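Chains as they are written, first to last, in the UniProt record's numbering: chain A, 1 to 330; chain B, 1 to 330.
We put the beta carbon where it would ideally sit given N, CA and C, even for glycine.
These numbers were taken from a predicted model, which means no experiment stands behind them.
Structure, as structure tokens:
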């Protein structure tokens with residue numbers, strides 16, 4: 001049997017990074033066990049439980065001199081590049097956003113190039129639907145211009161351009177996935193301006209009060225954490241020739257208004273849960289969210305086999321299965 | 001009378017830079033004489049003849065440490081950022097292309113930001129239709145995705161993203177113009193892969209033989225040097241509020257096949273001129289050109305008052321008026 005892949009994950013301590021690590025450790029990739037997992041983040045990533053392969057955890061900042069070269073010196077077959085400063089923080093700290101999100105990404109691609117020889121790792125880059133900005137149509141097609149209205153979106157869009165060029169030149173074998181807003185994010189709120197989309201469901205499902213900072217008629221594009229991990233795993237094994245010349249793909253998701261989110265919550269958890277949501281408008285968050293897309297057509301990703309939830313109830317149900325029932329079992 | 005603008009031009013020694021300098025010196029900008037012209041390039045730019053304002057010429061590379069800061073320390077009102085490595089060279093020298101075209105552009109925007117206070121120069125950035133790449137429709141609309149298939153195109157597209165973000169954040173007041181292929185370029189061929197589009201007209205008009213490296217049915221998007229300078233001047237005085245949120249504009253032009261270019265040459269200069277063209281296919285150039293767009297719809301730029309030629313004969317005629325008759329007069 002062929003040896004399994006050696007895998008590097010940046011941003012491994014983040015929510016998606018942890019779920020991806022667990023999935024790779026438990027299920028392997030493309031039907032093969034993973035030979036080695038190298039987990040990297042600015043805080044120490046937890047090694048997976050009961051994993052038979054090699055494992056290493058490194059605390060490092062990809063944008064620091066020499067870090068990217070050191071990380072790629074082991075020539076991993078696959079790199080999941082998830083490390084990023086979130087949208088709210090990139091907006092608040094201009095320099096840090098560019099350093100981590102743009103320079104860090106470029107350093108990673110450049111380090112792969114500097115390895116030389118026939119080294120050409122599959123790099124799966126987590127981009128975002130924040131690469132799209134107003135004005136845009138209500139439903140955004142696959143070929144729509146990237147005109148981000150946040151620094152975060154600009155940094156991701158520039159990363160996509162670099163990924164395409166480094167791939168075309170033969171230095172890497174990249175795939176960029178524009179992830180929908182992940183909902184319901186488990187755990188504590190983070191600094192992302194999009195955090196409330198999860199909070200208004202998660203907190204009530206846990207019996208806590210939640211704050212809704214925008215109007216209930218705000219519409220947005222969602223997929224569960226389980227789908228997001230599925231996208232990453234699928235992208236890691238997708239044959240390059242199937243990508244044609246477009247390596248940056250908008251991922252499928254489900255379009256819902258905040259009101260529709262709350263209706264789904266009501267159906268699953270009852271009126272008492274809905275009553276836990278406090279509407280406290282926040283103009284700063286409303287302004288950022290207003291520049292974000294609402295719905296997509298994603299025929300390219302669907303044809304390549306990417307799949308997401310198809311209604312809001314399913315998205316709520318995934319949280320209950322993966323977080324609440326899972327937590328009770330463990 | 002209000003003092004005229006102080007203007008910095010990067011890439012001032014290039015063909016468009018020289019024509020822009022001459023136009024600003026002779027005609028001013030927006031009906032006002034120019035108070036100061038600072039010309040910068042990696043080779044010494046020629047100061048304009050008979051110009052009443054201040055003039056300075058600097059030999060410098062924008063991507064070198066501290067150069068951008070020094071250039072902006074005089075706080076010019078308007079910056080024309082034309083400096084770039086051309087497409088063929090950016091493809092041949094990966095590092096140099098990124099250093100000059102991406103890092104140099106970023107250094108310029110960053111230097112404007114570092115000036116601080118209320119300094120917010122209008123920066124007119126010469127982007128290119130090379131930001132578009134296959135697959136694309138035969139006629140590309142204003143909102144089409146930027147998916148360049150050359151490193152040059154990626155560098156220009158990334159520059160556009162930065163320009164938009166630095167403008168949105170209030171650090172600069174940028175406008176990016178995606179220039180059509182400029183035709184007929186005067187003077188000697190340069191390293192651009194697009195050079196033959198001018199060469200097959202220019203050389204025969206000067207009684208010289210010319211090489212056509214691609215098929216006559218290759219279609220492309222053209223404007224004269226006179227139009228290109230006109231775009232830059234118009235962009236320099238366009239009120240920011242008229243740009244809405246889209247500061248990166250595809251410029252109008254004229255779509256023609258190589259065969260139609262040659263027919264126009266025949267109409268203007270006769271069959272003897274056409275007979276001077278040798279068809280010598282070059283697969284490398286054909287491959288690059290094959291990834292370039294052929295025609296555009298540019299309603300956004302047209303609504304903002306940008307104008308180009310509307311047929312190929314006019315494009316040939318502009319060369320004769322501005323270069324051959326002008327040369328005879330001088």
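So residue i packs on residue j, CB below 8 Å; how close in whole Å?
i, j, result
"residue 197/A", "residue 183/A", "5 Å"
"residue 123/A", "residue 55/A", "Residue 123/A to residue 55/A, Cβ: 20 Å. No contact."
"residue 278/A", "residue 209/A", "6 Å"
"residue 195/A", "residue 189/A", "5 Å"
"residue 23/B", "residue 229/B", "5 Å"
"residue 264/B", "residue 316/B", "5 Å"
"residue 153/A", "residue 130/A", "4 Å"
"residue 289/B", "residue 214/B", "6 Å"
"residue 142/B", "residue 239/B", "Incorrect: roughly 19 Å between the Cβ atoms, too far for contact."
"residue 119/B", "residue 75/B", "6 Å"
"residue 232/A", "residue 146/A", "Actually they do not touch by this definition, with Cβ atoms about 21 Å apart."
For residue i, which beta-bridge partners are listed by DSSP?
i, result
"residue 333/A", "Examination of residue 333/A is not possible in this model, given that chain A is present from 1 through 330 alone."
"residue 221/A", "255/A"
"residue 234/B", "According to DSSP, which records beta bridges pairwise, residue 234/B is partnered with nothing at all."
"residue 303/A", "For residue 303/A, which the question treats as bridged, DSSP gives no partner whatsoever."
"residue 143/B", "Answer by DSSP bridge pairing: none, since residue 143/B is not bridged."
Just to confirm the assignment, what range does the alpha helix (DSSP H) spanning residue i have?
i, result
"residue 259/A", "258-269"
"residue 10/A", "No alpha helix (DSSP H) contains residue 10/A, which is instead part of the beta strand (DSSP E) from 6-10."
"residue 71/A", "67-72"
"residue 87/B", "87-92"
"residue 129/B", "No alpha helix (DSSP H) contains residue 129/B, which DSSP labels as neither H nor E."
"residue 19/A", "15-27"
Grouping DSSP H, G and I as helix and E and B as strand, with all else coil, what is residue i?
i, result
"residue 184/A", "coil"
"residue 165/A", "helix"
"residue 330/A", "In this prediction, residue 330/A has a pLDDT of 41, which is less than 50 and means its spatial position is unreliable; what the coordinates show is noted afterwards. Reduced to three states, the DSSP call for residue 330/A is coil."
"residue 36/B", "strand"
"residue 250/A", "strand"
"residue 321/A", "helix"
"residue 111/A", "helix"
"residue 288/B", "helix"
"residue 210/B", "strand"
"residue 3/A", "coil"
"residue 198/B", "helix"
"residue 103/B", "helix"
"residue 62/A", "coil"
"residue 294/B", "coil"
"residue 41/B", "strand"
"residue 178/A", "strand"
"residue 96/A", "helix"
"residue 117/B", "coil"
"residue 245/A", "coil"
"residue 314/A", "helix"
"residue 149/B", "coil"
"residue 50/A", "coil"
"residue 308/A", "coil"
Are residue i and residue j closer than 7 Å when you measure CB to CB?
i, j, result
"residue 293/A", "residue 51/A", "no"
"residue 107/A", "residue 68/A", "yes"
"residue 9/A", "residue 17/A", "yes"
"residue 104/B", "residue 85/B", "no"
"residue 45/A", "residue 26/A", "no"
"residue 3/A", "residue 35/A", "yes"
"residue 111/B", "residue 121/B", "no"
"residue 296/B", "residue 250/B", "yes"
"residue 127/B", "residue 193/B", "no"
"residue 253/A", "residue 180/A", "yes"
"residue 258/B", "residue 216/B", "yes"
"residue 306/B", "residue 234/B", "yes"
"residue 226/B", "residue 318/B", "yes"
"residue 309/A", "residue 255/A", "no"
"residue 162/B", "residue 109/B", "yes"
"residue 71/A", "residue 155/A", "no"
"residue 47/B", "residue 29/B", "no"
Give the residues of chain E in contact with residue i, contact being defined as C-beta atoms less than 7 Å apart.
i, result
"residue 143/A", "The question asks about chain E, but that chain is absent: this structure's protein chains are A and B."
Since residue i is in the beta strand (DSSP E), which residue starts that stretch and which ends it?
i, result
"residue 278/B", "277-279"
"residue 58/A", "54-59"
Is residue i near the ligand COA, going by C-beta to nearest heavy atom under 6 Å?
i, result
"residue 85/B", "Among the ligands in the structure shown, none appear at all, so the ligand COA cannot be discussed."
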